[in-house]
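According to my numbering, the residues represented by the sequence shown are 2 to 380, in order.
Let me begin by presenting the structure, written as structure tokens, before commenting on it.
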Amino acid sequence: MAKLGRELRAQGIDLVDLSLGEPDFDTPQHIKDAAKKAIDDNWSHYTPVSGYLDLREAICGKFRRDNGLDYTPDQIVVSTGAKQSLANAVLAVINKGDEVIIPTPFWVTYEALVQLAEGKVVKIQSSLENAYKITPAQLEAAITPRTRLFMFSSPCNPSGAVYDKSELQALAEVFRKYPNILVISDEIYEYINYCGCNESIAQFEWMKERTIVINGLSKGFAMTGWRLGYMAAPKEIARACDKLQGQFTSGTNAVTQRAAIVALTAPLDATHTMVAEFSRRRTRVLELMKEIPGFRFASPDGAFYAFPCVDAYFGKSDGEETVNNASDLAMYLLNKGHVNTVTGSAFGDDKCLRFSFANSMENIEKGFARIKDALAKLG
Ligand SMILES: Cc1ncc(COP(=O)(O)O)c(C=O)c1O
């Protein structure tokens with residue numbers, strides 16, 4: 002889709018891009034200033050594999066401040082993005098044939114990482130009716146003696162689902178019965194939520210010792226290109242990840258690490274301003290989606306995506322293109338509406354499309370007007 006979008010743009014077509022997976026904001030000034038100072042202060046050498054100690058201490062402080070969780074620096078591994086943190090974690094704990102339960106829809110990388118580790122993905126299909134959250138009964142039904150890991154994001158990319166404390170506790174009660182199952186809790190969208198606070202499954206005392214919490218600076222601080230993610234994990238898992246990372250990439254960028262200390266210890270005003278704007282856009286996107294016949298959706302409680310079910314359009318045609326699934330519809334909207342979206346099949350759900358509202362209100366209005374017009378031509 003991105004490639005086709007570029008081709009259309011090269012032909013001079015004015016495309017509205019609702020496929021973006023990153024904040025459309027600049028990195029806050031105080032973080033940029035810290036990076037400039039770090040360059041001038043010559044933070045230019047190799048860094049410790051797991052990250053500078055004072056950064057790992059700052060991360061421990063963040064966990065105390067935001068999540069009420071106590072970690073020591075030897076439980077923290079800083080990586081080149083949360084994506085690397087996830088890769089480290091999966092490669093460290095999954096052996097060939099181990100089963101990994103992933104609720105659907107999921108971020109595409111999860112499945113690929115399990116395949117790389119030669120594990121077996123076991124999907125649990127969540128439903129629109131349950132706001133794309135799985136139930137404890139679904140979880141328990143998916144568990145087998147081979148289950149080693151459960152992996153999820155809350156807030157979720159792509160659905161925007163956010164598990165509240167009682168929902169997490171209900172899942173945690175299931176895990177209590179299966180002490181060999183580890184959990185990867187991807188909390189990269191932690192700050193971008195519209196319900197006021199984000200809960201971690203690691204807060205339950207029997208879960209903390211088997212949960213790997215993943216987080217990073219990309220989304221909450223508009224720092225996708227800076228590449229810094231981190232995990233908090235039981236010590237032996239952190240040690241294994243340090244070992245792996247020591248051969249893959251070593252420690253991440255020195256300047257980014259110095260700036261990250263400031264990001265994680267300074268007040269979160271810039272993040273809150275950004276989230277307030279996402280919230281305004283979300284409200285508008287929900288209004289605009291209500292005006293589109295056939296769209297069925299849950300309100301996203303977090304992240305910056307809407308994920309409507311679009312199957313009402315399957316089997317329809319504008320006389321030239323026939324839409325049989327979400328990928329066809331994404332292609333149709335690109336070709337005929339000049340709006341770039343992401344097909345739900347990229348996330349394991351072929352009935353939905355993902356619309357990002359990490360774009361200006363003006364582009365959101367323009368994009369949805371085009372989508373509505375293009376869909377009206379399908380009969
Ligand atoms: C759910 C989820 N986890 C992790 C990441 C990766 O973040 P990073 O930029 O820190 O690698 C993304 C990025 O899109 C994401 O959506």
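Note that the Cβ used here is the ideal one computed from N, Cα and C, for glycine as well.
Asked                                                                                                                 : Found
Residues of its chain near T344, where Cβ-Cβ distance is below 6 Å and the 5 sequence neighbours each way are ignored : A327, S328, A331
V109 versus F356: straight-line alpha-carbon distance, rounded                                                        : 16 Å
DSSP bridge partner residues for M152 (one or two, in chain order)                                                    : I185
Assigned secondary structure, A299 (DSSP; H/G/I helix, E/B strand, else coil)                                         : coil
Of the listed residues K134, C353, E321, nearest to A313 (C-alpha basis)                                              : C353
Stretch pair the region 242 to 256 + the region 213 to 230: three plus CB contacts closer than 8 Å                    : yes
Selected residue, minimal CA-CA separation from S160, among A90, E174, F64, Y190                                      : Y190
DSSP-derived helix/strand/coil call for A307                                                                          : strand
Beta bridge counterpart(s) of G217 as assigned by DSSP                                                                : G230
N- and C-terminal bounds of the beta strand (DSSP E) containing K121                                                  : 121 to 126
Contact set for I32: own chain, Cβ-Cβ below 6 Å, skip 5 residues either direction                                     : A260, V263, A264
Cβ-heavy atom distance, E100 to ligand 1, below 8 Å                                                                   : no
Pairwise C-alpha distance: I102 and S167                                                                              : 20 Å
Host beta strand (DSSP E) of V101 (start-end)                                                                         : 100 to 105
Three CB pairs or more closer than 8 Å across the region 168 to 175 and the region 116 to 132                         : no
Assigned exposure category for T274 - 16 Cβ within 10 Å defines buried                                                : exposed
Buried/exposed call for G349, threshold 16 Cβ in 10 Å                                                                 : buried
Any non-hydrogen atom of ligand 1 closer than 8 Å to S154 Cβ                                                          : yes
Simplified DSSP state of S86, which is helix, strand or coil                                                          : helix
Helix, strand or coil at C242 according to DSSP, with G and I counted as helix                                        : helix
S45 versus E174: straight-line alpha-carbon distance, rounded                                                         : 47 Å
Status (buried if at least 16 other CB within 10 Å, exposed otherwise) for Q246                                       : buried
Assumed close pair E1, T145 - CB separation to whole angstroms, cut-off 8 Å                                           : The structure shown does not extend to residue 1, since the chain spans only 2 to 380, so no value can be given for it.
Distance CB(A307)-CB(L287) smaller than 9 Å                                                                           : yes
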